[in-house]
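Let me begin by presenting the structure, written as structure tokens, before commenting on it.
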Ligand code: FA5
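Numbering (the numbering used here), first residue to last: 242 to 582.
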């Protein structure tokens with residue numbers, strides 16, 4: 242039986258050496274090491290041998306099994322390496338080929354403009370204060386002096402949720418109250434950029450979703466002069482040092498007095514053109530002195546504190562700056578439009 246084991250080992254080893262592909266290797270395993278192979282059958286039948294032979298034959302049979310298993314594993318690894326080398330040789334990379342160009346993305350034109358606005362106000366000492374887009378009627382209207390049924394509500398309708406108290410903000414002005422609540426009793430100098438929503442007719446100049454940048458300054462001696470200086474400085478830094486700025490009386494429930502801020506048209510320099518509807522002026526912002534009631538609602542005593550606020554819609558100015566014919570291009574995601582900036 243020992244001779245038989247030697248024969249099994251030498252035959253199996255010789256057969257294994259001749260193998261050069263994985264299918265043949267699998268077949269070899271079936272013949273020489275699988276359950277029904279001669280070797281495994283002998284191992285299974287050890288119990289039938291006379292006691293005195295059992296130990297010696299068993300030891301030798303296990304040696305042969307371990308040797309064949311090791312040889313099998315070595316062959317398997319050798320075949321894997323050979324296959325890898327063949328494929329590397331056959332499919333070698335040509336490092337001299339020019340690379341495929343990577344499509345470089347870019348910032349959206351409104352992001353670029355918003356960042357410029359933020360940078361300009363940062364230089365003037367304004368910090369960015371983030372406030373929520375989903376608001377309550379209380380903050381969006383009532384705390385800003387728009388009681389229910391106030392006619393000024395007609396100017397800004399919005400999208401409501403199933404909860405009548407919860408709505409999408411129509412302007413960034415509720416952020417004024419949020420900023421006052423967070424920062425009182427300190428003086429404030431913040432801007433509040435963000436998305437606003439209005440339920441209104443979409444047109445070349447009006448979207449249902451648009452950006453605003455609110456500004457708020459609250460301090461002990463803030464006057465209309467500070468508001469005017471800030472607006473003029475901003476317009477000149479943003480649109481050119483030669484810009485002229487004018488203030489027109491206006492109305493907002495949350496500022497008193499209220500103004501509209503206009504600058505001379507950047508296209509015709511005030512001469513009058515289609516863009517400025519031949520008036521020579523472009524509106525850039527609503528603004529005013531914070532209404533005493535709003536200061537009080539934010540936790541500041543109007544006998545001691547005063548402030549100014551403004552709210553601009555930078556997309557309308559961007560349209561004019563680049564001669565864009567329709568505000569809807571901003572959110573249409575048409576690459577032909579976006580790649581121009
Ligand atoms: C307001 O929203 C006030 N909260 C601004 C304000 C803030 C006044 C602080 C005083 C103090 P108004 O409704 O005019 O005001 O909107 C301000 C700007 O937002 C507009 O000048 C315009 O540039 C932009 N805007 C308003 N509605 C739209 C719209 N549907 N699409 C695009 N831009 C819009």
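Don't be surprised by glycine CBs; every beta carbon is placed ideally from N, CA and C.
Remember, predicted model here, so these are calculated numbers, not experimental data.
Leaving out five residues on either side along the sequence, give the residues of the same chain with a beta carbon under 7 Å from the beta carbon of residue i.
| i | result |
| --- | --- |
| residue 570 | 578 |
| residue 272 | 278 |
| residue 416 | 370, 372, 433, 455 |
| residue 227 | As shown, the chain starts at 242 and ends at 582. That puts residue 227 outside it, with no answer to give. |
| residue 305 | 246, 249, 250, 280 |
| residue 295 | 287 |
| residue 401 | 408 |
| residue 253 | 273, 309 |
Looking only at its chain, what residues have a beta carbon closer than 8 Å to the beta carbon of residue i, apart from the 5 residues adjacent to it on each side?
| i | result |
| --- | --- |
| residue 425 | 539, 540, 541 |
| residue 443 | 449, 569 |
| residue 474 | 365 |
| residue 519 | 513 |
| residue 467 | 458, 549 |
| residue 355 | 434, 452, 454, 555 |
| residue 516 | 506, 508, 509, 523, 561, 564 |
| residue 537 | 543 |
Name the one or two DSSP bridge partners that residue i has.
| i | result |
| --- | --- |
| residue 390 | Answer is none; residue 390 lacks a bridge partner. |
| residue 451 | 437 |
| residue 528 | 500, 551 |
| residue 368 | 431 |
| residue 376 | 408 |
| residue 446 | Note: residue 446 sits in no beta bridge, so no partner. |
| residue 590 | What is shown of the chain runs 242 to 582, which leaves residue 590 out entirely. |
| residue 523 | 504 |
| residue 460 | 547 |
| residue 490 | 500 |
| residue 401 | 408 |
Go through its chain and collect everything with a Cβ distance to residue i's Cβ below 6 Å, but skip five positions before and after it.
| i | result |
| --- | --- |
| residue 193 | Not covered by the structure: residue 193. The range shown for the chain is 242 to 582. |
| residue 476 | 484, 486, 504 |
| residue 511 | 505, 521 |
| residue 283 | 302 |
| residue 499 | 491, 492, 493, 529 |
So, are the CB atoms of residue i and residue j less than 8 Å apart?
| i | j | result |
| --- | --- | --- |
| residue 455 | residue 552 | yes |
| residue 501 | residue 524 | yes |
| residue 507 | residue 562 | yes |
| residue 451 | residue 564 | no |
| residue 317 | residue 266 | yes |
| residue 377 | residue 395 | no |
| residue 560 | residue 479 | no |
| residue 343 | residue 582 | no |
| residue 481 | residue 453 | no |
| residue 309 | residue 250 | yes |
| residue 567 | residue 445 | yes |
| residue 463 | residue 547 | yes |
| residue 440 | residue 390 | no |
| residue 351 | residue 556 | yes |
| residue 256 | residue 269 | yes |
| residue 263 | residue 348 | no |
The ligand NAP and residue i: does the residue's C-beta get closer than 7 Å to at least one heavy atom of that ligand?
| i | result |
| --- | --- |
| residue 383 | As presented, the structure is devoid of the ligand NAP, carrying the ligand FA5 as its sole ligands. |
- Message: Please give the ranges of any beta strand (DSSP E) in the stretch 310 to 361, keeping only runs that are unbroken, at least 3 residues long and fully inside the region.
- Response: none
- Message: Quick test of the definition: if touching needs 3 or more C-beta pairs under 8 Å, does the stretch 403 to 410 touch the stretch 524 to 532?
- Response: no
- Task: Would you mind listing the beta strand (DSSP E) stretches within the stretch 248 to 280 that are 3+ residues and don't spill past its ends, in chain order?
- Result: none
- Item | Stretch-stretch touch, CB-based, cutoff 8 Å, three pairs: the stretch 270 to 287 with the stretch 321 to 340 | no
- Message: Between the stretch 374 to 393 and the stretch 491 to 503, can you find at least three pairs of beta-carbon atoms closer than 8 Å?
- Response: yes
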